[in-house]
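Residue numbers (our numbering): 3 to 427.
Structure first, commentary second.
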C-alpha cells in the first residue's frame, strides 16, 4: 500500500520588505553584489538582497529546503554551503533510518534488526558512529523531563509498538477511500495490550567504546520523535558559525530562523500558519501569522499527519503513539459523511495540532510530540512552567489557543484583508 503523505501545518512565506501598513513595497533597490549563484539565487528588487533556495526530497521522508539571504560581504560560496548541508542531511538520515540498511553503517535499522542477539547477558551489542551515539545520549538525557502522571510521553525505545502501527498503515489490506485517505485494519487488541520491552533505562550506552546494547530482548529504537529537529539543530549550528542568514524548513513541520532578516525593517521572520486538514492533502488558507526573531524554531505535531481510518469504526489513527497506552494519543476523532456528502469531524473542536516556539529544534520536536499527547489544560500548565517555551493549539473548528507568552494582534496581508499576528512578548 503506497503511503499517503500529508502536507504538514507550517507553510513558510518568504516576503519582501514590509512597510508600516502592509506586507510589500513596490520601490526597487539596486544591488552592488553579483548574483552568488544563478541556479539557486534571485534578486529581491525591493531590498537589493539575493535570496537563494534549494530543496531536497530524499531525506527524512519529506521535503527540506534551505533559504539563504545574501546581502553582505565578505561573500561565501553558496554552492559549498548547500553541499555541506546536503552531506549533513544524508549522514543523519542514514544514521536515523529505521527501515533501511546502508553500506558500512550501523544505524537504527541494523540496531533493531540485531537487538535479539545475546552477548554477555545483554542483547544487540554494537559499536556505532559517534554522531549517532551523541544523538541517542541527548534523547535519553532529556526524555525523563517530559512525563505525565502515567509515565513518559517521549520514548525512543517505543519501536516495538510504533512498528505495529506503521505496519497497519502500510498493510496491503488497506484501501483508499473516495476522499483519498487510507482505510486499514487495526492491530488486534491482544497484540496492542501485550507487554513490550520499551523501558529506555534498558538502553545501555558506553561512551568509552561508543557502543549500544539492550538489557532485554525484543527492544528497538525509534527516533522519529526528534530526528528532524535534532538534524536541523546540527545544520543551524554550522550556518550560525559562518554568520549566514537563513531559514531552514524541514518538512514544513520544523522551521529554524538564523540571523537578522534583511528583507524586514525589524529583522524578523514571518511564518504563515496553515489550517491543518484531515480531509485534504492540501491547505487552502492560513489561520494566523507568526513573527519570530533569529535563533527561534517553530515545530508542529498533529493528528493530520500520516494517519489512516479504521475499517470498522471510522476513527482516525495517526502516528503519534502514547507509550503508556500503546495507541495513538490526543483526542479520539471520527470521520463521517453527511447527507450532502460532506466529511464531518467529530468532535468538531478536536485538537488537530500543537505548534511549539522555542530556540532548540530538537527539543521543539520532543515538546510538540509530548504536548499533543497531553490534554490542553495539562499541556498549557507544562508550557507555562517551562522557560523559553511557547505553544499554539489548533482545533478542527478553526479555534486556536496560545500560551501566555504570546501576543495576538492583526496584520494586513493584502488591501483590506487582516489576519491574526502572533508575536512573542
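Beta carbons are placed, not taken as given, at the ideal position from N, Cα and C, and that holds for glycine.
These figures come from a predicted structure and were not determined experimentally.
For the candidate residues the options, whose alpha-carbon lies nearest to that of residue i?
| i | options | result |
| --- | --- | --- |
| residue 424 | 358, 341 and 375 | 358 |
| residue 255 | 391, 172 and 64 | 64 |
| residue 100 | 114, 107, 253 and 210 | 114 |
| residue 471 | 79, 42, 136 and 220 | The requested residue 471 is not part of the displayed model; the chain covers only 3 to 427. |
| residue 93 | 133, 313 and 168 | 133 |
| residue 149 | 412, 415, 347 and 373 | 373 |
| residue 279 | 225, 335 and 243 | 335 |
| residue 57 | 189, 250 and 243 | 250 |
| residue 259 | 300, 420 and 350 | 300 |
| residue 404 | 378, 317, 167 and 158 | 378 |
| residue 295 | 312, 421 and 257 | 257 |
| residue 62 | 315, 244 and 95 | 95 |
| residue 211 | 128, 407, 142 and 228 | 128 |
| residue 324 | 402, 297, 163 and 86 | 163 |
| residue 161 | 426, 222 and 119 | 222 |
| residue 226 | 215, 216, 274 and 307 | 307 |
| residue 384 | 406, 418 and 363 | 406 |
| residue 131 | 41, 119 and 112 | 112 |
| residue 122 | 209, 217, 84 and 312 | 217 |
| residue 118 | 275, 215, 401 and 333 | 215 |
| residue 347 | 363, 311, 380 and 331 | 311 |
| residue 191 | 327, 159 and 331 | 327 |
| residue 248 | 277, 298 and 281 | 298 |
Express the C-alpha separation of residue j and residue i in angstroms, rounding to a whole number.
| i | j | result |
| --- | --- | --- |
| residue 68 | residue 309 | 27 Å |
| residue 410 | residue 271 | 16 Å |
| residue 187 | residue 170 | 7 Å |
| residue 375 | residue 304 | 10 Å |
| residue 126 | residue 165 | 18 Å |
| residue 322 | residue 224 | 12 Å |
| residue 45 | residue 37 | 8 Å |
| residue 24 | residue 412 | Bear in mind that a pLDDT of 41 at residue 24, under 50, signals an unreliable position, so the number given afterwards is only what the model happens to contain. So the two alpha carbons sit approximately 11 Å from each other. |
| residue 180 | residue 197 | 37 Å |
| residue 242 | residue 146 | 29 Å |
| residue 252 | residue 97 | 17 Å |
| residue 361 | residue 389 | 11 Å |
| residue 414 | residue 420 | 4 Å |
| residue 176 | residue 315 | 14 Å |
| residue 87 | residue 371 | 26 Å |
| residue 189 | residue 172 | 12 Å |
| residue 137 | residue 229 | 9 Å |
| residue 27 | residue 245 | Reliability of the predicted coordinates at residue 27 is poor, the pLDDT of 45 falling under 50, and the value obtained from them is presented with this limitation in mind. If you take the alpha carbons of residue 27 and residue 245, they lie about 27 Å apart. |
| residue 193 | residue 167 | 11 Å |
| residue 329 | residue 195 | 10 Å |
| residue 382 | residue 427 | 17 Å |
| residue 48 | residue 238 | 27 Å |
| residue 174 | residue 184 | 11 Å |
| residue 418 | residue 275 | 20 Å |
| residue 60 | residue 90 | 13 Å |
With DSSP collapsed to three states, give me the class of residue i.
| i | result |
| --- | --- |
| residue 361 | coil |
| residue 23 | Here residue 23 scores only 35 on pLDDT, less than 50, and its place in the model should not be relied on; the value that follows carries that caveat. Three-state result, residue 23: coil. |
| residue 412 | strand |
| residue 203 | helix |
| residue 230 | helix |
| residue 162 | helix |
| residue 28 | With a pLDDT of 46 at residue 28, under the threshold of 50, the modelled position of that residue is not reliable, and the figure given next carries that caveat. Of the three classes helix, strand and coil, the one that applies to residue 28 here is coil, per DSSP. |
| residue 404 | strand |
| residue 304 | strand |
| residue 171 | helix |
| residue 275 | strand |
| residue 398 | coil |
| residue 46 | strand |
| residue 425 | strand |
| residue 208 | strand |
| residue 418 | coil |
| residue 135 | helix |
| residue 214 | strand |
| residue 64 | strand |
| residue 245 | coil |
| residue 263 | coil |
| residue 251 | strand |
Stretch-stretch touch, CB-based, cutoff 8 Å, three pairs: the region 195-206 with the region 44-53: no
Cβ contact (3+ pairs, closer than 8 Å) linking the region 65-81 and the region 251-265: yes
Three-pair Cβ contact test at 8 Å for the region 389-399 versus the region 351-371: yes
Cβ pair count under 8 Å reaching 3, the region 142-161 against the region 286-294: no
Cβ pair count under 8 Å reaching 3, the region 104-113 against the region 76-88: no
Three CB pairs or more closer than 8 Å across the region 358-369 and the region 225-236: yes
Residue ranges of each beta strand (DSSP E) within the region 93-123, 3 or longer: none
Length-filtered (3 minimum) beta strand (DSSP E) runs lying within the region 327-394: 336-339, 345-348 and 353-360
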